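Protein sequences, first through last, are from chains A and B.
Per my numbering, numbering of the first sequence is gapless, rising by one per residue and ending at 287.
Per my numbering, numbering of the second sequence is gapless, rising by one per residue and ending at 287.
Protein chains: 2
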Amino acid sequence: MGEAQVNSQAAKFLESLAVESSATRFNDNCSNCRLGAFCLPLALRHRELDELERIVQRSQPLQRGQHLFWERDEFQAVYAVRSGSLKAYQTSHEGHEQVTGFYFPGEILGFDGIGTNFHVSSAQALETASVCTIPFDAFEDLSQEMPHLQRHLMQLMSREIAEDHQLIALLSKATAEQRMSAFLIGLSSRRGRENLSATKFRLSMSRIEISNYLGLTVETVSRILSRLHKQKILKVDKREIEILQKDVLKETAGF
Amino acid sequence: MGEAQVNSQAAKFLESLAVESSATRFNDNCSNCRLGAFCLPLALRHRELDELERIVQRSQPLQRGQHLFWERDEFQAVYAVRSGSLKAYQTSHEGHEQVTGFYFPGEILGFDGIGTNFHVSSAQALETASVCTIPFDAFEDLSQEMPHLQRHLMQLMSREIAEDHQLIALLSKATAEQRMSAFLIGLSSRRGRENLSATKFRLSMSRIEISNYLGLTVETVSRILSRLHKQKILKVDKREIEILQKDVLKETAGF
DNA sequence: CCCCGATCTTGACCTAGATCAAGAGCCTGA
DNA sequence: TCAGGCTCTTGATCTAGGTCAAGATCGGGG
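What follows is the structure in structure tokens.
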């Protein structure tokens, strides 16, 4: 019996036990999560971490295009991205899709639902992505006993507010070129935070999604990328991006 | 005497109260604050309210133009508006002022500072305004013992996030007319929430401030107001606004 | 009371980016 | 393997709203 066949059978077996497989393959814990320091930069004691551990759920990775939650879904949890990436978006009733954010490993999404008890945006995986589910009720109870945790959560929400304000300023006055530059610089610095190459990476979102985030049209996004490529500020090959002159990009971003 | 007239008189009475209270009664306590149910819609027990009371500080009203806090100030408190109105804004380093929000009685501002421990926007009174200062450390300690309070705070932050997302969608795709309509509808419904006339009011912000909020120029704001006036959708007399056809406005706002 | 600077309005013109159109790579599933 | 539908690019044209300019109006200080 060849090894390939063994693997294929093993895969089938795991599939048939989807729930169990999620239990066996994604049950790493918070203490040894390589994002730990970034996702929860708290001086958590061991006992506290154990408690947090107890409530966090890890499930099967989402496939590209799959939704984590939908607008109007009841709010039950916030989600920490473990790997891959997602977008959050709202659909205006004329059908325009407004992307409100992209989320990468270590970032948390779903806060929009706390206020109204249902989500006001949808979240969709841009590529295979795994997330930790943090049931909110349990989290709230837990944070009653752990001041660190409570403060941290608020810091995360506050940071989201601050980032939104950045985006608002961008959409309000910046030119198409400034928007694209700021966007790329943002992606780059988030990559850096993950200790991945900050100059060379693959876009997980389409030009359309970028345009719906930056308040531009696909054509404009495409044109600007072409221009930056011609100017040798970027190397653009389909979704592969290499930033050649970050200083220039930062300059035009002007933020 | 028609009912409309009665309502309008009641509204005028309440308005006059608001002015008086800002001038003379700013040291009332939470239990008898007429905004109580709106600002803190919690099922707070008496004892809890007393505790909250203990940490909230009420100071002299701010005069028009005075700042509540500045960008880069150390974050120490969040603020509940008692009367009057304020704007929050950031200044890009090319000098453009981006207004990120207007705040009216019962609304809370200052959340942007929690994440970084210093404010990332400035807050300035648009007219005489009184606020309650809620020192954040004390508030956090208090909310450790009061789950209601903690959840409420997060709801307020979450709501701010949701509102920001609305603004983002607006700035991203809406026409100048849609932006103005949405803005006016927003003001109107907030007035309604305060039990003041939702159709007739005075703008506390200048055209310039509106334009810096909506991502337009003063000229455009002015032109659109003139147009809406000519079309008899609004009555505009300097800063006095009367909404004549709210349905039309809502229609064009499309939200 | 008038004066001065800020705010607001209106008109004429211009431009960044939208829209329309067409074609070239692509994945994907039959 | 190919067909059909995406995504992406590039060009030609159009237009909403920005920019510039000139007054009008308002409000606060002397």
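From the three backbone atoms N, C-alpha and C, an ideal C-beta is built for every residue, glycine too.
Computed from a predicted model, the values in this text were never measured in an experiment.
Do you know offhand how far residue i's Cα is from residue j's?
i        : j        : result
Asp105/B : Phe150/B : 5 Å
Gly133/A : Ser115/A : 16 Å
Gln92/B  : Gln156/B : 15 Å
Gln130/A : Arg79/B  : 45 Å
Ile275/A : Leu246/A : 19 Å
Ala208/B : Gln98/A  : 35 Å
Leu266/A : Arg96/A  : 27 Å
Ile273/A : His261/B : 50 Å
Ala201/A : Glu103/B : 15 Å
Ala55/A  : Thr284/A : Interpretation of Ala55/A is limited by its pLDDT of 37, a score under 50 that renders its predicted location unreliable; the figure taken from the coordinates is listed afterwards. C-alpha separation (whole angstroms): 47 Å.
Ser117/B : Asn61/A  : 47 Å
Glu241/A : Leu84/B  : 45 Å
His125/B : Ser190/B : 28 Å
Leu228/A : Leu219/A : 11 Å
Using DSSP with H/G/I as helix, E/B as strand and the rest coil, what is residue i?
i        : result
Asp269/B : strand
Gly133/A : strand
Cys62/A  : helix
Thr56/A  : Model confidence at Thr56/A stands at a pLDDT of 38, short of 50, so the residue's coordinates are unreliable and nothing is read from them.
Arg183/A : helix
Arg96/B  : coil
Thr207/A : coil
Ser115/A : strand
Ala285/A : helix
Leu46/A  : Low confidence applies to Leu46/A: its pLDDT is 36, below 50, so where it sits in the model is not reliable, and the reading given next is rough at best. If DSSP states are grouped into helix, strand and coil, Leu46/A belongs with the helices.
Arg90/A  : strand
Lys264/B : coil
Phe107/B : coil
Val280/A : helix
Ala161/A : strand
Thr123/B : strand
Glu139/A : coil
Ile275/B : strand
Residues of chain A with CB under 8 Å from residue i, in chain order?
i        : result
Glu126/B : Gly286
Arg104/B : Result: empty, since nearest Cβ-Cβ is about 13 Å, beyond 8 Å.
Pro137/B : Ordered by position in chain A, no residue passes the 8 Å Cβ test against Pro137/B, which lies about 19 Å from the chain.
Ser317/B : In this structure chain B extends from 33 to 287, so residue 317/B is not present and cannot be described.
Mind listing the chain B neighbours of residue i? Cutoff is C-beta to C-beta under 8 Å, in chain order.
i        : result
Ala194/A : Asp144, Gly147, Thr148 and Val152
Applying a beta-carbon distance threshold of less than 9 Å, which residues of chain A neighbour residue i?
i        : result
His197/B : Ala120, Gln122, Gln130, Thr132, Gly133, Asp144, Val152, Ser153 and Asp196
Met212/B : Per Cβ cutoff of 9 Å: no residues; Met212/B is ~14 Å from chain A at best.
Applying a beta-carbon distance threshold of less than 7 Å, which residues of chain B neighbour residue i?
i        : result
Leu203/A : Ile200, Leu203, Ser204 and Gly247
Thr183/A : A small fix is needed here, since residue 183/A is Arg in this sequence, not Thr. Going along chain B in sequence order, the residues near Arg183/A (Cβ under 7 Å) are Glu172.
If you drop the 5 nearest sequence neighbours on each side, which residues of the same chain put their C-beta closer than 7 Å to that of residue i?
i        : result
Gly286/A : Gln210
Asp144/B : His151, Val152 and Ser153
Glu192/B : Phe143
Could you work out which residues of chain B lie near residue i, taking near to mean beta carbons separated by less than 9 Å?
i        : result
Pro179/A : Glu172, Asp173 and Gln176
Rounded to whole angstroms, how far is the Cβ of residue i from the Cβ of residue j, which I believe are closer than 8 Å?
i        : j        : result
Val163/A : Ala112/A : 6 Å
Lys205/B : Leu158/B : About 28 Å; that fails the 8 Å criterion.
Gly142/A : Cys71/A  : Not a contact, Cβ separation roughly 14 Å.
For residue i, which residues in chain A fall below 7 Å Cβ to Cβ?
i        : result
Arg191/B : Gly147
Gln187/B : Ile146 and Gly147
Leaving out five residues before and five after residue i in sequence, what residues of the same chain have Cβ atoms less than 8 Å from its Cβ?
i        : result
Ser221/A : Ala230
Phe107/A : Gly142, Gly145, Ile146, Thr148, Asn149, Phe150, His151 and Phe168
Glu195/A : Gly133
Report all residues from its chain with a CB closer than 6 Å to the CB of residue i; omit the five preceding and five following residues, and keep chain order.
i        : result
Met178/A : Glu80
Gln89/A  : Thr165
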